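Peer 1: Please see the structure below; I have some questions.
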Amino acid sequence: MPSGMRIGEPVAGTTAVDVLDQLGLPAGATILVNGVGGGVGLAVARLAAARGLLVTGTGSTAKREPAEAIGVRFIDYTAEDVGELNPVGYDGIVDLVGGSSLRTVAPLARDPRNVIAVGDMSVPDLGGRFVERRLDRENLERSALLALDGVLAPVITAVHPLSDAPAALATVENGHTPGKVVIKVS
Ligand SMILES: NC(=O)c1ccc[n+]([C@@H]2O[C@H](COP(=O)([O-])OP(=O)(O)OC[C@H]3O[C@@H](n4cnc5c(N)ncnc54)[C@H](OP(=O)(O)O)[C@@H]3O)[C@@H](O)[C@H]2O)c1
5 MPSGMRIGEP VAGTTAVDVL DQLGLPAGAT ILVNGVGGGV GLAVARLAAA RGLLVTGTGS
65 TAKREPAEAI GVRFIDYTAE DVGELNPVGY DGIVDLVGGS SLRTVAPLAR DPRNVIAVGD
125 MSVPDLGGRF VERRLDRENL ERSALLALDG VLAPVITAVH PLSDAPAALA TVENGHTPGK
185 VVIKVS
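Under our numbering, read the sequence shown as residues 5 to 190, first letter to last.
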């Protein structure tokens, strides 16, 4: 891996590469990123935009600014009905939330096979697919180069000292963290 790869990027970055490779959509296709404000969501949105996809993303109100800053058409799910907004549907859906939220957005895909879930393994029940991870050297290096090029630059919203690790993990576990939370070891 090139030195200088930024903290926090390997998991989100390689997941974004895998999910978009699996979808294999051409430039100009539309994609909905459900949970766009989190670590994986922002990485998927950035990489999708770099591939020429038209990106819509869902999140709560605080996620609007970081999402719109990278060109995402943002839907605030606390204020709008996500299921009602696009009658023609999306060419692909990447779900990072799961549960009832996945069930709300899945019918918006033109082809149910193009619903890819990253966390909810029940997605085949809806006709979709669970992300296939490729944790090999080549994929890690591709993600590292994308990070160095700035395509996958992570949004770091908090840096905690190691002594504060429990609080940092609690923040992430509440499921509404914007971007990445860093625990500094030294
Ligand atoms: N399979 C794999 O290899 C792999 C790899 C990486 C991650 N994952 C999994 O993928 C999931 C996402 O990871 P992550 O790191 O991106 O998590 P994260 O940083 O916690 O992001 C999840 C985002 O979803 C948003 N969200 C929650 N409820 C929502 C709803 N109803 N509609 C729209 N957005 C909603 C959250 O905040 P707001 O509600 O405030 O917008 C948050 O920004 C996790 O379950 C993780 O375990 C799996």
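A virtual CB, placed ideally from N, CA and C, is assigned to each residue, including glycine. Model, not experiment: these values are computed from the prediction.
Taking only runs of the alpha helix (DSSP H) that begin and end inside the segment 107-188, which ones reach a length of at least 4 residues, in chain order?
Peer 2: The alpha helix (DSSP H) runs lying completely inside the segment 107-188 and spanning 4 residues or more are 141-152, 169-177, given in chain order.
Peer 1: Quick one: is residue 163 buried, meaning 16 or more other Cβ sit within 10 Å of its Cβ, or exposed?
Peer 2: By one-based count along the sequence shown, residue 163 stands at place 159. It is exposed - the Cβ of residue 163 has fewer than 16 other Cβ atoms within 10 Å.
Peer 1: Does residue 22 come out as helix, strand or coil in the three-state DSSP assignment?
Peer 2: Here residue 22 is taken as the residue at index 18 of the sequence shown, counted from 1. Looking at residue 22 - three-state DSSP - the assignment turns out to be helix.
Peer 1: Does ligand 1 have even one heavy atom less than 7 Å from the beta-carbon of residue 132?
Peer 2: Along the sequence shown, one-based indexing puts residue 132 at 128. Residue 132: no, Cβ never under 7 Å from ligand 1.
Peer 1: Over what stretch of residues does the alpha helix (DSSP H) that includes residue 92 continue unbroken?
Peer 2: Counted from its first residue, the sequence shown places residue 92 at position 88. No alpha helix (DSSP H) contains residue 92, which DSSP labels as neither H nor E.
Peer 1: Check whether chain C comes within 8 Å of residue 159, counting only Cβ atoms and requiring the distance to be less than that.
Peer 2: No chain C appears in the structure shown, which is made up of a single protein chain.
Peer 1: May I ask you to verify whether the segment 105-121 touches the segment 48-61, counting CB pairs closer than 8 Å and requiring at least 3?
Peer 2: no
Peer 1: Would you kindly work out how many angstroms separate the C-alpha atoms of residue 95 and residue 134, rounded to a whole number?
Peer 2: Taking the first residue of the sequence shown as position 1, residue 95 is located at position 91. Taking the first residue of the sequence shown as position 1, residue 134 is located at position 130. Cα to Cα, residue 95 sits roughly 17 Å from residue 134.
Peer 1: What number of angstroms, rounded off, separates the C-alpha of residue 67 from the C-alpha of residue 39?
Peer 2: Counting from 1 along the sequence shown, the entry for residue 67 is found at position 63. Counting from 1 along the sequence shown, the entry for residue 39 is found at position 35. Roughly 9 Å separates the two Cα atoms.
Peer 1: Using the Cα positions of residue 43 and residue 114, report the straight-line distance between them to the nearest angstrom.
Peer 2: In the sequence shown, residue 43 corresponds to position 39, counting from 1. In the sequence shown, residue 114 corresponds to position 110, counting from 1. A direct Cα-to-Cα measurement between residue 43 and residue 114 gives close to 26 Å.
Peer 1: Keeping to the same chain, check which residues put their C-beta closer than 8 Å to that of residue 117; ignore five residues upstream and five downstream.
Peer 2: On the sequence shown, position 113 is the one that residue 117 refers to. 131, 132, 133.
Peer 1: Is the distance from the Cβ of residue 184 to the Cβ of residue 158 below 8 Å?
Peer 2: Counted from its first residue, the sequence shown places residue 184 at position 180. Counted from its first residue, the sequence shown places residue 158 at position 154. Cβ distance < 8 Å, so residue 184 and residue 158 count as in contact.
Peer 1: When we look at the beta-carbon of residue 109 and count the other beta-carbons within 10 Å, is it buried (16 or more) or exposed?
Peer 2: By one-based count along the sequence shown, residue 109 stands at place 105. By the 10 Å Cβ count, residue 109 comes out buried.
Peer 1: Exposed or buried, what is residue 18 when buried is set at 16 or more other beta-carbons lying within 10 Å of its beta-carbon?
Peer 2: Numbered from 1 along the sequence shown, position 14 holds the residue referred to as residue 18. With 16 or more other Cβ atoms within 10 Å, it is buried.
Peer 1: Can you tell me whether residue 147 is buried or exposed, with buried defined as 16 or more other CB within 10 angstroms of its CB?
Peer 2: Position 143 of the sequence shown, counted from the start, is the residue given in the question as residue 147. Looking at its Cβ environment, which holds 16 or more other Cβ atoms inside 10 Å, residue 147 is buried.
Peer 1: Quick check: the Cα distance between residue 170 and residue 91, rounded to an integer number of angstroms?
Peer 2: Along the sequence shown, one-based indexing puts residue 170 at 166. Along the sequence shown, one-based indexing puts residue 91 at 87. Distance between the alpha carbons of residue 170 and residue 91 is about 44 Å.
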